[in-house]
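Residue numbers for the sequence shown, in the working numbering: 17 to 165. Think of the CB as a built atom: it goes at the ideal place given N, C-alpha and C, for glycine as much as any other residue.
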Amino acid sequence: MERRIVVRHMPYVRANLVCARTVPRGKKGFTLIELLIVVVIIGILAAIAIPKFANTKQKAFVASMKTDLRNLVTAEEAYFADSVKYTSNLGTNFATTTGNVLGAITVTGDGWNATETNVNVANPVVTCGIYIGSTSVAPAVKEGEPKCQ
């Protein structure tokens, strides 16, 4: 036995229907799809930009180590100007930046060398070195120029 559904004309239903677009005429707005597209575009731009700034903090720590080593050269040269020799202990005449750890300053026959690390740069560990004279210390390869690896 087959059932048939008969739809009759019901004029009272038509008056109660709500239009698909409820924004009154004369007012403008954004649809949901337009807003979603904007959010997706912002997400894509953020995904591109975030990795570029991810290692900025590590670069700042490395820059502070290089600055400390340049300041060490100035302090050693000032000591040399007064005493006509280099020293492995500058005492209160030299202080490192917070977080930087100065390794031993090694006095050689014609100069000195030193290395420095930073406690905040743990993975990978970055070591910076500098030397004056003919005895280099890794990773420094040019006299008076701090080098990090």
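What's the call for G125, buried or exposed, on a 16-neighbour Cβ count within 10 Å? Looking at its Cβ environment, which holds fewer than 16 other Cβ atoms inside 10 Å, G125 is exposed.
Assign T131 to buried or exposed, taking buried as 16 or more other Cβ atoms, counted over all protein chains shown, within 10 Å of its Cβ. By the neighbour-count rule (16 or more Cβ atoms within 10 Å), T131 is buried.
Using the three-state DSSP reduction, which class does T151 fall into: helix, strand or coil? In the structure shown, T151 sits in coil (DSSP, three-state: anything other than H, G, I, E or B).
Using the C-alpha atoms, what's the distance from A91 back to A97? Cα to Cα, the separation comes out at about 10 Å.
Rounded Cβ spacing between Y107 and N134 (contact assumed at less than 8 Å): According to the sequence shown, residue 107 is Gly rather than Tyr. The C-beta distance from G107 to N134 rounds to 22 Å, too long to fall under 8 Å, and the pair is not in contact.
Inside the segment 43 to 116 only - alpha helix (DSSP H) runs reaching at least 4 residues: Segments of the alpha helix (DSSP H) lying fully in the segment 43 to 116: 48 to 69 and 72 to 99.
Residue(s) in a DSSP beta bridge with K163: Looking at the DSSP assignment, K163 forms a beta bridge with G145.
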